[in-house]
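**Student:** Below is a structure I'd like to ask you about.
Numbering (my numbering), first residue to last: -4 to 103.
Shown next as structure tokens:
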């Protein structure tokens, strides 16, 4: 049994969702800030993807087993699943960085 009350988790989700919504709203209103946010998210996704890919390759090269990870409804039990998550995060980071470096406004 967890000692953390359920309302604490719901409040945390609300605060994180509200913060993400405000960042998206500001990014739409100020495109330059949107580019900065996209670059930060892209960099974080790239690091996360490379970390997961490295972990999965290392796990496969040694014995092929990883400790099961459970985060909410996501359950990762095999190294191939970690490769999938890592590749998705890595590709998402590349796309976010590529989009953040596109020119703003009309091209002359």
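Ideal Cβ placement from N, Cα and C applies to all residues, glycine included. The structure displayed is predicted, hence computed values, not measured ones.
Residue range of the alpha helix (DSSP H) that residue 76 falls in?
**Tutor:** Within the chain shown, numbered from 1, the residue matching residue 76 stands at position 81. Segment 74 to 95, the alpha helix (DSSP H) holding residue 76.
**Student:** Excluding sequence positions up to five away, which residues of its chain have a Cβ less than 7 Å from the Cβ of residue 34?
**Tutor:** Translated into the one-based positions of the chain shown, residue 34 becomes position 39. So the qualifying residues of the chain are 92, 95.
**Student:** Got a sec? Which residues, its chain only, sit under 6 Å from residue 43 by beta carbon, not counting five neighbours each side?
**Tutor:** As a position in the chain shown, residue 43 is number 48, starting the count at 1. For residue 43, where only same-chain residues beyond five positions count, the Cβ hits under 6 Å are 84.
**Student:** For residue 87, which residues in the same chain have their Cβ closer than 6 Å to its Cβ, ignoring the five residues on either side in sequence?
**Tutor:** One-based indexing of the chain shown puts residue 87 at position 92. So the qualifying residues of the chain are 40.
**Student:** What are the residues that DSSP puts in a beta bridge with residue 70?
**Tutor:** Within the chain shown, residue 70 is the residue found at index 75, counting from 1. The partner list for residue 70 (beta bridge, DSSP) reads 65.
**Student:** Please classify residue 103: is it buried, with 16 or more other beta-carbons within 10 angstroms of its beta-carbon, or exposed?
**Tutor:** For this step, residue 103 is matched to residue 108 along the chain shown. With a pLDDT of 46 at residue 103, under the threshold of 50, the predicted position of this residue should be treated as unreliable, and no value is reported.
**Student:** Indicate whether the contact test is met: 3 or more Cβ pairs, each with one atom in the stretch 75 to 84 and one in the stretch 43 to 63, closer than 8 Å.
**Tutor:** Cβ pair count under 8 Å is three or more, so yes.
**Student:** Using only CA atoms, which one of 52, 10, 8, 19 lies nearest to residue 36?
**Tutor:** Here residue 36 refers to the residue found at position 41 when the chain shown is read from its first residue. The option with the nearest alpha carbon to residue 36 is 19.
**Student:** Give the secondary structure of residue 98 by DSSP, where H, G and I count as helix, E and B as strand, and everything else as coil.
**Tutor:** For the purposes of this step, residue 98 is taken as the residue at position 103 of the chain shown. In this structure, residue 98 counts as coil in the three-state DSSP scheme.
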